[in-house]
Amino acid sequence: MLEITQQFSFDAAHYLGAGATDSNRRIHGHSFYAEVTLRGEPCEQGWVQDFAEINAALGEIRDLLDHHLLNEIPALGPPTLENLAKFVFREAKQRLPETRRVRLSRPSLGQSCSYEES
């Protein structure tokens, strides 16, 4: 079994509701970095999935998020790092069934969240 990972990035704004610190209640933005890991047996060519196909699928997900207000994406729920990791996982899994794990990070804050199939 092999695992391969492709990264993509996006910039987006959000705000958190009641219970959040003052700075998080106001609209603000982040640069996000996503790593999507696929797992599977290699095909005849020796790869798990063609990276061109992976990039096309992840480009669709990036387009859903990049330069958007995350609060306006109903399927996301409250725009926490945790919910965003789950959202990217679900979207990737729909497009790339071999998706095994998503790691989402905000390096400027030193934060990350991983979500994987159980």
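Here the sequence shown is numbered in this note's numbering, starting from 6 and rising by one per residue.
Idealized CB from N, CA, C, for every residue including glycine.
Sorting Glu58, Gln54 and Ala18 by C-alpha distance to the C-alpha of Leu75 places Ala18 at the top. Here Ser123 carries a coil assignment [DSSP, helix/strand/coil].
For the pair Glu8 and Glu49, the Cα-to-Cα distance works out to about 16 Å. The C-beta distance from Tyr38 to Pro112 rounds to 6 Å, short enough to fall under 8 Å.
By the neighbour-count criterion, in which 16 or more other beta carbons inside 10 Å mark a residue as buried, Phe94 falls on the buried side. Gln99 carries a helical assignment under DSSP once its states are collapsed to helix, strand and coil.
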